[in-house]
Every structure is written in C-alpha cells, then in structure tokens.
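Protein chains in written order, with the working numbering: chain A, 167 to 280; chain B, 226 to 337. Working notes for the structure below.
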Amino acid sequence: DTGVSQDPRHKITKRGQNVTFRCDPISEHNRLYWYRQTLGQGPEFLTYFQNEAQLEKSRLLSDRFSAERPKGSFSTLEIQRTEQGDSAMYLCASSPRREAYGYTFGSGTRLTVV
Amino acid sequence: DAKTTQPPSMDCAEGRAANLPCNHSTISGNEYVYWYRQIHSQGPQYIIHGLKNNETNEMASLIITEDRKSSTLILPHATLRDTAVYYCIVRPNNNAGNMLTFGGGTRLMVKP
C-alpha cells in the first residue's frame, strides 16, 4: 500500500463548471476525511466518513459540494457550479478506527477556478 | 476554533535542536496534544502525540508541562528537510473519530 492517493493532483476549471476529485485511502482504514486548504492557512475540515456513512459535515460544505464513499473504500468530492472562491487545495486523509499514529494525508488536489 | 497558540515563524540552524512551543491553556483532561507538519506542496504528516507524559519517537520529542497548558516539540538535530509548517492540535480521545482542527501553525525555516 502506497498511502493515500488523490487524483488529479491539479485541476484548472472555468467558473461554473463541475469538478470531481477522487481519494483512495489506505485499504484497511475505515475512516476518511476531506479538508480544504487555502494559501497561507491551515487545513479546514469539510466532512468525515466512517465506512460508507457520512457522519459529519462542516458548515463550509455548501449545497454545491457533495461527497460520497459508496462502498466504504474510495471517496469522491464533487463541486458543482464552481466559483473562484473554491480555488484551494483539497486534502483527503484516512485513519483506522483505533488510531495509533494519527491521520495519513494524501498530497491533495489543487483546484484553480478561472 | 483552534485551541492552540503558536508563533507564526521560527528559524533554526541546521544541525541544532529546533524547539517549537505551543500554548493550549484551555486543554481538557481528555484531550491529547498532536503535532503534524506540512512540507511545501504536500499533505500534513503526523509527527507525535501525547496526553501528559513526555513522548519520543524517531522523528521528535514532545515535552508537555505538568499543568498541560503548554508543550514543546523538539527536533533534536534539524536538517534542511525539516523546513515546514508545524501544527500543534488538541483533540479528545484519539479513538473517537473527532476531526483535527488546524490553526495557523509555525513556519520553521532551517538554515544552513
């Protein structure tokens, strides 16, 4: 296992378009998290899955954002009708139910909305 | 809301110890202190965590004061590759699935 994988690494889109990002967590991890990070700031929590159940959503996750983890393995984050303010790094992390070493983060997807 | 206060930036000479402070004066009895770092263009990386005892691993040492209101992350022999933003986070019981809440962190610059 090579850790948490995110795809794509970079995405440039025009305002108003829809985008979808994928996260493949470490295979034995049942918890999966999405975070957003803007330039110069720390990551901000967006949403959390335990297996396929989405257990928590931040108020940052507007109705244009939707996340899924259909079989409790990979997850997707979709942003509809993108806005320039959505430009950020989108980070995915995973952890086992019993955390010994914290979360493992992926390298992120950098979204630029033009 | 982040419950920690860290200096925004610090410098350290290569080969010397880097001591990164963190204040968490409102920490609760069941909250752990976690440290992560983020190297440019990468996701955050777990370093260490502790409840009240000092902890050491292959990356760093964590010193927590007796009243638990502050802690220090120590990188004993900093290298240029340790240049990163270091985040101190307090968080309840590490099996509860609670999310990490990041603050602004400390930008550590290791200089030759």
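Just so you know, even glycine gets a beta-carbon here, dropped at the ideal spot from N, CA and C. Just so you know, these numbers come straight off a predicted model, no measurement behind them.
Looking only at its own chain, which residues have a Cβ that is under 7 Å from the Cβ of residue i, when we skip the five neighbours before and after it?
i, result
"residue 300 (chain B)", "242, 243, 285, 307"
"residue 279 (chain A)", "179, 181, 248, 249, 250, 252, 253"
Among the candidates the options, whose CA atom is the shortest distance from the CA of residue i?
i, options, result
"residue 217 (chain A)", "A:204, A:241, A:257", "A:241"
"residue 196 (chain A)", "A:273, A:269, A:274", "A:269"
"residue 267 (chain B)", "A:185, A:178, A:169, A:251", "A:169"
"residue 232 (chain B)", "B:295, B:264, B:325", "B:295"
"residue 173 (chain A)", "A:243, A:180, A:188, A:226", "A:188"
"residue 176 (chain A)", "A:194, A:257, A:239", "A:257"
"residue 246 (chain B)", "B:331, B:337, B:335", "B:331"
"residue 235 (chain B)", "B:310, B:326, B:255, B:325", "B:310"
"residue 202 (chain A)", "A:252, A:261, A:262, A:260", "A:252"
"residue 239 (chain B)", "B:271, B:290, B:229, B:302", "B:302"
"residue 229 (chain A)", "A:267, A:206, A:184, A:210", "A:184"
Please state whether the Cβ-Cβ distance between residue i and residue j is less than 7 Å.
i, j, result
"residue 282 (chain B)", "residue 273 (chain B)", "yes"
"residue 271 (chain A)", "residue 269 (chain B)", "yes"
"residue 293 (chain B)", "residue 264 (chain B)", "no"
"residue 255 (chain A)", "residue 238 (chain A)", "no"
"residue 224 (chain A)", "residue 243 (chain A)", "no"
Residues in the same chain with beta-carbon distance under 6 Å from residue i, minus the five sequence neighbours each way, listed in chain order, please.
i, result
"residue 214 (chain A)", "199, 221, 222"
"residue 182 (chain A)", "247"
"residue 312 (chain B)", "261, 327, 330"
"residue 279 (chain B)", "288"
"residue 261 (chain A)", "195, 197, 269"
On the DSSP bridge list, what partners appear for residue i?
i, result
"residue 278 (chain B)", "The partner list for residue 278 (chain B) (beta bridge, DSSP) is empty, contrary to what the question assumes."
"residue 244 (chain B)", "B:299"
"residue 176 (chain A)", "A:276"
"residue 310 (chain B)", "B:263, B:332"
"residue 346 (chain B)", "Past the boundaries of the shown model lies residue 346 (chain B); chain B is included only from 226 to 337, so the question cannot be answered."
"residue 289 (chain B)", "B:296"
"residue 231 (chain A)", "A:245"
"residue 263 (chain A)", "The partner list for residue 263 (chain A) (beta bridge, DSSP) is empty, contrary to what the question assumes."
In its own chain, which residues sit with a C-beta less than 8 Å from the C-beta of residue i, not counting the 5 before and 5 after it?
i, result
"residue 257 (chain B)", "274, 275, 276, 315, 316, 317, 318, 319"
* Contact set between the segment 273-291 of chain B and chain A, restricted to residues whose Cβ is under 8 Å from the partner -> 274
* Asked: Which of the residues in the segment 250-280 of chain A, read from start to end, lie with their CB under 9 Å from any CB of chain B?
  -> 255, 257, 258, 259, 261, 263, 264, 265, 266, 267, 268, 269, 270, 271, 272, 273, 274, 276
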